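All letters in the sequence shown, in the order written, are residues -15 to 493 by this note's numbering. We put the beta carbon where it would ideally sit given N, CA and C, even for glycine. Keep in mind the model is a prediction, meaning the values are calculated, not measured.
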Amino acid sequence: MSKKKKIVIVGGGINGLIAANYLSKDGFSVSIIEKKSNTGGACTFKTKEIGNQTIDFALGATVLGMMQDFIFQETGLSNTLETFAPKHPKLVYFQDSNSSTRIYQNYKKLDQEIKNKWGERGDLESFRNDEDKVIGFIRKGFKFGETPSLEKANTILGETLTNLWINGSAKNLLDHYFTSDKTKIYMGMTRIESGSSSMYNKGTAFTIPLMDSGSVFDGYWGYVKGGIWKITEELSKINQRLGIKFYMSSNINSVDSKRMKVSFEKEKKDYEIDYDYLIFATDPTTPSKLLNNFKLEQELEHKDYLGTSGKITAFFKNPVKWKEYSPYNNSDSAFRFVFSNETLNEFETSSQKVVNSSDNYAPSYIQIYAEGAAQRVLNNHEPFDKLIFFIKNIKYGKTADQLPFIKEKVMNLIFKYIKNPEDCVSTEFLCPKDLNEIFYFPKGNIDHMALNENQNYNQRHFSKNADKGFYLYGEYDNIYYCGAGAYPCGSVAGTAGYMCAKQLKRTVI
Ligand SMILES: Cc1cc2nc3c(=O)[nH]c(=O)nc-3n(C[C@H](O)[C@H](O)[C@H](O)COP(=O)(O)OP(=O)(O)OC[C@H]3O[C@@H](n4cnc5c(N)ncnc54)[C@H](O)[C@@H]3O)c2cc1C
């Protein structure tokens, strides 16, 4: 039997862990080098002390949704992890009304609701049908580890859908199906999920079906019992059982691409390990620095890495009580969205303000994840209730402790909808600059890199030879990149890691 090929993966976040899992099962000898003392990357937790009690909370990612179900099953994660996705309609609040608009999963009910509440006169049914076709196409590409291509999209979806949904602008897509600004804001909010991509920017339409393309909850979002970090924690254990070697708390000194060796320091000792294939599952700029490839490093500086999202975790000493009555079971676990903009133009302007002006905060939307209520449904009873606020738009540059006014504004707005705000006993706040410092995201973007023109779908790669290998990095032919900056995007999904592993294996056979 021939000797096992050696793979070294730099970065033990979700993408590095998923790539390692598949490649190890495919017969490679896999090692992971991780800078921190824990795996998980941005899918990790912190323990908070409040009074004389402690509680774990998600430091980065909170909700699960973009993962492909086959990955959840094939890795073995589904054997041990319990999950829950609320079936309750999502509740959307605009500032001109105290009552919510309900986003029903049933499109006929939703159609009626947005007609009544937002005066919508467009064609929701066609939007959903067309989106389903695009999502079906995206998922198939994931499963087969297929390089995203416009040619393939044109063949399978036809030119009209491809132009609308894949290489067009979000503005054009939303105008095609809808008439009311509020529908367009709600349906198109994921365009700025991580950065400041303008709705006029070509390539931004694709982010809309992409964010619904997870299949673990069939396009919806939900929770993992204990917390989302159980995914990376469990995966690390599974990988250890597969024999994958972990070098934790390791500082890479250099990568010699000619001799195919990585040198690093761990606990004051120097190591050198060799590889047949090297995979970077970090942010996209780190490899160019470690490879001492100055030219590539300079080229990568021109990409858009800007992140404009923040996060507050609020801890309550009693379960949060919402003011608005809801007849549904477990309604306190429903997703809620609070918008500060009423028109599409305002929505666009606020997304650009934190790039083009000195404003540190341009209120746009707050996504509310009822983590504590969801944990109670999962039978995980914790000493505090937790609400998570995912916030837009925050300027990159200052840390959360330099911008306390943002937290105050967000909390005041949210407290309008809650009966017991006095039960909020503590908060944790992060701005894009914190995400840069904690997780090494170049400019704090949770997708490592913005999702817009030249950085989405078929252009979301770092290969100088994409036809030969979409996940190859630069001009190298045995060095790959599969972090969140690669196709499809970030998120606790590991799709880029899976696709990269699939493509690498194909080149070896
Ligand atoms: C505040 C916040 C909220 C989010 N919310 C959600 C959410 O609710 N749901 C969701 O699905 N996603 C969410 N995300 C996005 C998601 O967490 C990330 O996109 C995803 O975790 C990225 O995974 P990754 O493996 O590509 O990269 P990372 O998680 O960034 O992992 C990269 C790893 O590489 C390591 N590394 C970096 N440099 C080196 C080096 N030189 N040597 C060795 N190791 C190195 C890092 O320490 C890290 O462990 C959120 C992110 C943040 C920050």
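Is the beta carbon of MET183 within less than 7 Å of some heavy atom of ligand 2?
With respect to ligand 2, the structure shown offers nothing to examine, as its ligands consist of ligand 1.
Answer yes or no: do ALA265 and GLY469 have a C-beta to C-beta separation smaller than 8 Å?
no
Assuming THR28 and TRP205 make a contact with CB atoms under 8 Å, what is their CB distance in whole Å?
Going by Cβ atoms, the distance from THR28 to TRP205 rounds to 19 Å, so no, they are not a contact pair.
Let's see if you can read the secondary structure: which residues bound the alpha helix (DSSP H) around ASN235?
Segment 234 to 240 is the beta strand (DSSP E) holding ASN235; no alpha helix (DSSP H) there.
Specify the secondary structure class of ILE192 as computed by DSSP and reduced to three states.
helix
8 Å CB neighbourhood of LYS99 in its chain, flanking five on each side removed
ARG105
Ligand 1 heavy atoms versus the CB of LEU414: any closer than 7 Å?
yes
Beta bridge counterpart(s) of LEU290 as assigned by DSSP:
LYS427, GLY428
Return yes when at least one heavy atom of ligand 1 lies under 7 Å from the C-beta of GLU406, else no.
For ligand 1, not one heavy atom lies less than 7 Å from the Cβ of GLU406.
Report yes if the C-beta of GLY474 is less than 7 Å from at least one heavy atom of ligand 1; otherwise report no.
yes
Which listed residue (TYR457, LYS(-12), GLY49, ASN138) has its alpha carbon closest to that of THR269:
Taking only the C-alpha atoms, the option nearest THR269 is TYR457.
Excluding sequence positions up to five away, which residues of its chain have a Cβ less than 8 Å from the Cβ of GLY356?
The answer, listed in chain order, is PHE300, PRO303, VAL304, GLU366, PHE368, ASP369, LYS370, LEU371.
Do ALA154 and MET183 have their CB atoms nearer than 8 Å?
yes
Report yes if the C-beta distance between GLY25 and PHE446 is below 8 Å; otherwise report no.
no
State yes or no: is the C-beta of ASN438 within less than 8 Å of the C-beta of ILE222?
No, the pair does not count as a contact, with Cβ atoms beyond the cut-off.
To the nearest whole angstrom, what separates the beta carbons of PRO193 and ILE119, a pair I think is in contact under 8 Å?
So it is a contact: roughly 5 Å between Cβ atoms.
Report yes or no: do the segment 167 to 187 and the segment 427 to 437 share at least 3 C-beta pairs separated by less than 8 Å?
In the pairwise beta carbon analysis, the segment 167 to 187 is classified as touching the segment 427 to 437: at least three pairs are separated by under 8 Å.
Identify the continuous alpha helix (DSSP H) that holds GLN336 and give its terminal residues.
Per DSSP, GLN336 is one residue of the alpha helix (DSSP H) stretching across 328 to 340.
Whose C-beta lies closer than 7 Å to the C-beta of ASN442 among residues of the same chain, with five residues either side of it excluded?
PRO132, SER133, LEU134
So is GLY0 buried or exposed if we call it buried at 16+ other beta carbons inside 10 Å?
buried
Any idea if ASN82 is buried or exposed, counting beta-carbon neighbours within 10 angstroms, 16 or more meaning buried?
exposed
Cross-strand partners of PHE413 (DSSP beta bridge):
ILE296
Quick one: what's got a C-beta closer than 7 Å to TYR460's C-beta in the same chain, skipping five residues either side?
SER241
Given a cut-off of 8 Å, decide if ALA485 and LEU7 are closer than it, judged by their beta-carbon atoms.
yes
Completely contained beta strand (DSSP E) runs for the segment -11 to 14, where each covers 3 or more residues:
-10 to -6
If you count every other CB in all the chains shown that lies within 10 Å of the CB of GLU97, and 16 or more means buried, which is it?
buried
What distance in whole Å lies between the Cβ atoms of LYS(-10) and ASP254, which are believed to be in contact at a cut-off of 8 Å?
At roughly 19 Å, the Cβ-Cβ gap does not stay under 8 Å, so ASP254 and LYS(-10) are not in contact.
Taking 8 Å as the cut-off, decide whether the C-beta atoms of ILE176 and GLY291 are in contact.
Contact check for ILE176 against GLY291 fails: the beta carbons are separated by 8 Å or more.
Looking at C-alpha atoms only, which residue of ILE390, PHE413, LEU75, PHE121 is the closest neighbour of SER310?
LEU75
In angstroms with no decimal places, state the Cα-to-Cα distance between MET(-15) and PHE12.
Confidence in MET(-15) is poor, its pLDDT being 45 and thus under 50, which makes the residue's placement unreliable; the coordinate value appears in the next sentence. Whole-angstrom Cα-Cα distance: 13 Å.
For GLU97, which three-state DSSP category applies?
helix
Taking the CB atoms as reference points, tell me whether ILE296 and ARG320 lie closer together than 8 Å.
Taking 8 Å as the cut-off, the beta carbon of ILE296 is found no closer than this to the beta carbon of ARG320.
Neighbourhood of LEU414 by C-beta, 7 Å cutoff - its chain only, sequence neighbours within 5 removed:
GLY294, LYS295, ALA384
Measuring straight from C-alpha to C-alpha, what distance separates GLY(-3) and THR23?
The straight-line gap separating the alpha-carbon atoms of GLY(-3) and THR23 is approximately 6 Å.
Tell me the DSSP secondary structure of TYR312 in three-state form.
coil
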